[in-house]
Amino acid sequence: MTSPEISPPPAAGAGRPAAGTGRTAAGPGTATAAPGTGTGTGTGTGTGTALALLVSAALAAAACLAAVYAADESARTAVAWGGGAAGVVLCVAVTVAARAVLTGRRLRAALAAGNARAAERERAETYFADAVVPAVVDRLRRGGSAETALAEAPAAASETQRRVLVTLAREVHKGENMRAAAMSACANAAGRVQALATGMAADLREMEHRHADEDVLADLLHLDHRTAQAGRIADSIAVLTGARSGRRWAKPIVMESILRGAMGRISGYQRVRLHSASEVAIAGHAAEGVMHALAELMDNAANFSPPTSEVHVYVEEVAAGVVITIEDGGLVMGEVALRRAQQAVSAEHNDLSTLSGTRLGLAVVGRLARKHGLSVSFRPSAHGGTGVLVRVPRELVTEPRRPESGAPAPAAAAPATSRGLLSAAPGTPPAGTHTRQPEPSTSGGPAPGHDGNESARTGEHESARTGEHEAARTGEHEAARTGEYATAAPPPQEFGASGLPKRRRGQTLAAVARASASRPSATGSSPDATGQSAALDRDRDPAAARTKRPSGTRFGDFRRAVQGAAPSDENATESGEETPASGATGRHATAPGAPSPARSSPFSEDDTE
Amino acid sequence: MTRPGRDEDPDRLYTVTGGRSRSVAGADTFDLVTLVVSESAPVRGMQSEHAAILRICRFPTAVVELASDLGLPVSVVRILLGDLLAQGKITARHPRRAQTADALPDPDILKQVLVGLRNI
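Each protein sequence line maps, in turn, to chains F and U. Position one of the first sequence corresponds to residue 1 (the numbering used here), numbered consecutively onward. Position one of the second sequence corresponds to residue 610 (the numbering used here), numbered consecutively onward.
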């Protein structure tokens, strides 16, 4: 029997492409592949079966004819009938077998495709849950709208997922909007109350000055105290809602004022005892935050200790800054309570969900500590209660503003002067601060190649600065120059907390630029440098300096104001060239109309014209 | 427009006086023109206003001048001065004009003396 052996291969050959087509169709996407697979396998089965039937019928017919032809005349009919029947049976059998084989193959393929689809779907769902949803929620939390978040999210694998995602995004967005609105409303309200409290405190201060009657003063002080407490609550809410914190002080605040400002904001301020001989000050931008944090801690200490006990505050200057210790004689905090307080103060997370309505203090301290880099730690106190250590970092500690540096308002200068006099002990080093230390590099320091000219330039500026005794020596012109330059000389330049030079009120930018240009000579010159430069200056012709300086400053101011940092280099080269050629410049100066020698600075050119 | 209280100090007056509104020395010890003289130098750890008063009052200074120098209300300065007076760190000198006016003899008596002298 050859035909059954022959017939399966074509059938298998017909079936395989069909299954293959189905499998490749299942590849790209589960959803779209499903119908394709079904039809592909179905037609494959049909054609395969038909092909098998055809081939087997043809073979059977051929075998039958051959048999009939080969048989004897007498047996031919029987052979034909037998062969025909056998052929028919064979065809039926082959067809049935082929169909069964093909159907089995089709079902296996469908099963495999179904499994693959299921796995694919599971993977898509995992991806959806683990990546898509968190990404969308994160985008919404960062303030995107629902549409933005959906657009940025990877495409959903199915319609159901897409709908889930849309609903989720809308809900989260709504929740986020409500949270933001509540926060901003709180912050806004807190800001208004802050402004009111600040204004009221100023009013009360005025009234306290106006009314000398002791009874009235007592009432005013009482109101003042209440206002300060209300202001602290508003500050706390502002800090928690992320609004700007309270007021900013324009000057460094001495430690005594910091401590008194802090204790003035709590109800039991009369129980607070300050033990501070520290003369440091806190930089103005951080003073309010430090004060507020200390006030909250003092309030805690006063609230959790018996009403008769005192709260002691100590200040200690250490290498890393200033440590303020607040000790109460109240309840001893247990291990757990200490740990919890420590956690509340140092918590990194930024949400308000852990807040209980009544205990805002430590959360506020934590926020402020993070903002200003304070470190707060709790420990049992020697007084029997709890001690809190607050370390103010070195960057925020500075010297109190000296009266020489000139407070802009004379009215405010009086208390500042007295306090400055007190706290500025004669022994304290004048330049011992970091925030107010002027940096020579801010003058757009000269390039390394100009190092040789540095002394000459220093000498030039130094001569302008130490011009007073030279005036007596070099005569009338020199005196006139010195006078003019002295009046034009800016007061000592101030540097802000950021280290950038500050323009004083009523002063032009050009004056600031000049001040910063002459700054290296002021800071970088030690006494012997002064002497050396004075000697150097003595060698030079005074008239040369005279012609150059006034016109030079006038023109140079403009240039500097326009061009920025470039002139400092130019200035250095110019003065460096000038030192050897001072005689030539002197001639040029005494006879302005005469043709000048080859060398001339842009300034003296301007002078000639 | 200046912001209110921009240039003042953060410490409130009730913290300066420790919550008191009355001088321990009594209301009439210091009037506006009472001259105050410090008797000792300021010591470290003192309240800054006390130290400032002692510093300013090395030479006799009137209460009103002190108040102006410190930028504090007179009533607050009185309280601070009362503290210092109680500690013996300052002395108060009252202007003598009223007392000298009282101590002068009556003009009528003077006239009578004059008349008596002329009659001699």
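Beta carbons: idealized from backbone N, C-alpha and C, even for Gly. Fair warning: this is a prediction, and the values are worked out from it, not measured in the lab.
What residues in its chain sit with their C-beta under 7 Å from that of residue i, if we drop five residues either side in the sequence?
i: residue 695 of chain U; result: 633 and 634
Rounded to the nearest angstrom, what separates residue i and residue j at their Cα positions?
i: residue 342 of chain F; j: residue 378 of chain F; result: 7 Å
i: residue 627 of chain U; j: residue 373 of chain F; result: 31 Å
i: residue 693 of chain U; j: residue 655 of chain U; result: 11 Å
i: residue 579 of chain U; j: residue 327 of chain F; result: What the structure shows of chain U is the stretch from 610 to 729, and residue 579 of chain U is not part of that stretch, so it cannot be assessed.
i: residue 625 of chain U; j: residue 698 of chain U; result: 18 Å
i: residue 114 of chain F; j: residue 86 of chain F; result: 41 Å
i: residue 686 of chain U; j: residue 212 of chain F; result: 11 Å
i: residue 137 of chain F; j: residue 165 of chain F; result: 10 Å
i: residue 271 of chain F; j: residue 673 of chain U; result: 31 Å
i: residue 64 of chain F; j: residue 71 of chain F; result: 10 Å
i: residue 93 of chain F; j: residue 51 of chain F; result: 14 Å
i: residue 235 of chain F; j: residue 227 of chain F; result: 12 Å
i: residue 216 of chain F; j: residue 229 of chain F; result: 20 Å
i: residue 117 of chain F; j: residue 162 of chain F; result: 19 Å
i: residue 191 of chain F; j: residue 159 of chain F; result: 47 Å
i: residue 630 of chain U; j: residue 659 of chain U; result: 16 Å
i: residue 188 of chain F; j: residue 369 of chain F; result: 23 Å
i: residue 661 of chain U; j: residue 680 of chain U; result: 11 Å
i: residue 716 of chain U; j: residue 637 of chain U; result: 30 Å
i: residue 99 of chain F; j: residue 77 of chain F; result: 32 Å
Name, in chain order, the residues that DSSP records as bridge partners for residue i.
i: residue 397 of chain F; result: F/282
i: residue 647 of chain U; result: U/699
i: residue 379 of chain F; result: F/387
i: residue 312 of chain F; result: F/273 and F/327
i: residue 670 of chain U; result: U/645
i: residue 253 of chain F; result: F/282
i: residue 317 of chain F; result: F/322
i: residue 392 of chain F; result: F/322
Would residue i pass as a contact of residue j if the rule is Cβ separation under 8 Å?
i: residue 397 of chain F; j: residue 321 of chain F; result: yes
i: residue 329 of chain F; j: residue 275 of chain F; result: no
i: residue 338 of chain F; j: residue 385 of chain F; result: no
i: residue 281 of chain F; j: residue 263 of chain F; result: no
i: residue 361 of chain F; j: residue 296 of chain F; result: yes
i: residue 257 of chain F; j: residue 678 of chain U; result: no
i: residue 335 of chain F; j: residue 278 of chain F; result: no
i: residue 311 of chain F; j: residue 319 of chain F; result: no
i: residue 244 of chain F; j: residue 284 of chain F; result: no
i: residue 205 of chain F; j: residue 292 of chain F; result: no
i: residue 315 of chain F; j: residue 345 of chain F; result: no
i: residue 53 of chain F; j: residue 103 of chain F; result: no
i: residue 119 of chain F; j: residue 157 of chain F; result: no
Taking all protein chains shown into account, do 16 or more other C-beta atoms lie within 10 angstroms of the C-beta of residue i, making it buried, or fewer, making it exposed?
i: residue 371 of chain F; result: exposed
i: residue 611 of chain F; result: This structure cannot speak to residue 611 of chain F, because chain F is shown only from 1 to 609.
i: residue 623 of chain U; result: buried
i: residue 81 of chain F; result: exposed
i: residue 269 of chain F; result: buried
i: residue 704 of chain U; result: exposed
i: residue 194 of chain F; result: buried
i: residue 73 of chain F; result: exposed
i: residue 298 of chain F; result: buried
i: residue 718 of chain U; result: exposed
i: residue 178 of chain F; result: exposed
i: residue 210 of chain F; result: exposed
i: residue 184 of chain F; result: exposed
i: residue 261 of chain F; result: buried
i: residue 649 of chain U; result: exposed
i: residue 224 of chain F; result: buried
i: residue 324 of chain F; result: buried
i: residue 143 of chain F; result: exposed
i: residue 729 of chain U; result: exposed
i: residue 252 of chain F; result: buried
Give every residue of the same chain whose Cβ lies closer than 8 Å to the Cβ of residue i, excluding the five residues on either side of it in the sequence, and list them in chain order.
i: residue 140 of chain F; result: 146, 149, 169, 172, 173 and 176
i: residue 671 of chain U; result: 641, 642, 643, 644 and 645
i: residue 201 of chain F; result: 224, 227, 228 and 231
Within its chain, find whatever has a CB closer than 6 Å to the CB of residue i; leave out the 5 residues flanking it on each side and keep chain order.
i: residue 67 of chain F; result: 79 and 83
i: residue 308 of chain F; result: none
i: residue 669 of chain U; result: 644 and 646
i: residue 393 of chain F; result: 321 and 373
Under the criterion of a Cβ to heavy atom distance below 7 Å, does residue i qualify as lining the ligand FMN?
i: residue 153 of chain F; result: Annotation note on the ligand FMN: not contained in the displayed structure, which lists no ligands.
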